[in-house]
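Undergrad: Here's a structure for you.
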Amino acid sequence: MDKLWGDAAAAVADIGDGASLAVGGFGACGLPIVLLEALRKSGVRDLHVVSNNCGVEDYGLAGLLVDGQLARVTASYIGDNPALTERWLAGEVELELVPQGTLAERLRAGGSGIAGFYTRAGVATPVADGGIPWRYDGSGGVAVASPPRPVMVFDGVPHVLERAVRTDFALVRAAVADTAGNLVFHATARNFNPLAAMAGAVTIVEAEEIIDVGELDPDRVHLPGIFTQRLVVVPAGTPKRIDRLTVQGQQEQLGVYR
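For the sequence shown, my numbering begins at 633 and goes up steadily by one.
Next up, the structure:
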């Protein structure tokens, strides 16, 4: 089945207010920036997003955050995004922080039909006991806190229950896709992209190159097309952002585009 769509705006047009999204990327690496920009321009609001982090400065998901389009963020990292911290403490967005490995497994489990799993990560901490502020009331008080989670003992070791993540949509970026939606990711841009793609009920992929079915060596496929519903090609010349570019003998430069 040909899954190619005309452009990013058309591909995200049915993402409505209050939708949940799994978004690939790690820092600025592997972000589906074309799809995110189309979503930002659509004006959709009250989105619930699940991603490793919430973009960088005003790049990626941070753009939607700054525009007030995000209601809830599930992530494992706040750094490099002061706007997320400010809006969380002001009570403008709900934030669930999850250990990074746990977040990856919650996405993978959701895409694999597994309802939940037990892990040692978070045992004997507020992750298991509850009480982590998810939303503040704007006056320094806690409006919503994380609930306690079931703990079971396996082979004498306590484990805490983590629920799988399933979302209405997923937005991911691939290096190469064929028109059936089989995907190849480039190096570290692979990061959370396959996991996010698995977790979405409707997965929308932006690919730097799209080829015909049969041109892609099956041994190169990182994620089979069964997880892909829509494809758009990344426009030529779209820049990629580097989180931190360090050149020998020079000071570190932030936010450099290549």
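We treat Cβ as the ideally placed atom computed from N, Cα and C, and that holds for glycine.
Just to confirm before moving on: does the CB-CB distance between residue 654 and residue 739 stay below 8 angstroms?
TA: Position 22 of the sequence shown holds residue 654. Position 107 of the sequence shown holds residue 739. Cβ atoms of residue 654 and residue 739: closer than 8 angstroms.
Undergrad: In or out: residue 890 buried (at least 16 other Cβ within 10 Å) or exposed?
TA: Translated into positions along the sequence shown, residue 890 becomes position 258. Since pLDDT at residue 890 reaches only 46, below the 50 mark, its modelled position is unreliable, and the value read off the structure follows with that caveat. Looking at its Cβ environment, which holds fewer than 16 other Cβ atoms inside 10 Å, residue 890 is exposed.
Undergrad: Going by DSSP, what residues sit across from residue 757 in a beta bridge?
TA: As a position in the sequence shown, residue 757 is number 125, starting the count at 1. DSSP output for residue 757 lists no bridge partner at all.
Undergrad: At 3 residues or longer, what runs of the beta strand (DSSP E) sit wholly inside the region 762 to 841?
TA: Listed in chain order, the complete beta strand (DSSP E) runs (minimum 3 residues) inside the region 762 to 841 are 765 to 768, 774 to 777, 783 to 786, 789 to 795, 799 to 810.
Undergrad: So, is residue 847 buried or exposed, given that buried needs 16 or more other C-beta atoms within 10 angstroms?
TA: Mapped onto the sequence shown, residue 847 falls at position 215. Burial call: exposed.
Undergrad: Name, in chain order, the residues that DSSP records as bridge partners for residue 843.
TA: Locating residue 843 in the sequence shown gives position 211, counting from the first residue. Bridge partners of residue 843: 810.
Undergrad: Would you kindly work out how many angstroms separate the C-alpha atoms of residue 730 and residue 707, rounded to a whole number?
TA: Translated into positions along the sequence shown, residue 730 becomes position 98. Translated into positions along the sequence shown, residue 707 becomes position 75. Using only the alpha carbons, I get a separation of about 6 angstroms.
Undergrad: Roughly how many angstroms lie between the CA atoms of residue 648 and residue 677, to the nearest whole one?
TA: As a first step, residue 648 must be located in the sequence shown, where it is residue number 16. As a first step, residue 677 must be located in the sequence shown, where it is residue number 45. Cα-Cα distance, rounded: 8 angstroms.
Undergrad: How should residue 876 be labelled, buried or exposed, when 16 other C-beta atoms within 10 angstroms of its C-beta is the threshold for buried?
TA: Here residue 876 refers to the residue found at position 244 when the sequence shown is read from its first residue. By the neighbour-count rule (16 or more Cβ atoms within 10 Å), residue 876 is not buried but exposed.
Undergrad: When DSSP labels each residue in this structure, what does residue 879 get in the three-state scheme?
TA: Locating residue 879 in the sequence shown gives position 247, counting from the first residue. In the structure shown, residue 879 sits in coil (DSSP, three-state: anything other than H, G, I, E or B).
Undergrad: Check the C-beta distance from residue 664 over to residue 804 and give it rounded, since I have them as a contact under 8 angstroms.
TA: Counted from its first residue, the sequence shown places residue 664 at position 32. Counted from its first residue, the sequence shown places residue 804 at position 172. Going by Cβ atoms, the distance from residue 664 to residue 804 rounds to 6 angstroms, so yes, they are a contact pair.
Undergrad: Please report how far the alpha carbon of residue 769 lies from the alpha carbon of residue 701, in whole angstroms.
TA: By one-based count along the sequence shown, residue 769 stands at place 137. By one-based count along the sequence shown, residue 701 stands at place 69. Rounded to the nearest angstrom, the two C-alpha atoms are 19 angstroms apart.
Undergrad: Give a yes or no on whether the minimum CB-CB distance between residue 880 and chain D is below 8 angstroms.
TA: Given the protein chain composition of this structure (a single chain), no chain D is represented.
Undergrad: Going by DSSP, which residues form a beta bridge with residue 677?
TA: Along the sequence shown, read from residue 1 onward, the residue named residue 677 stands at position 45. DSSP, once it has assigned bridges, lists no residue as partnering residue 677.
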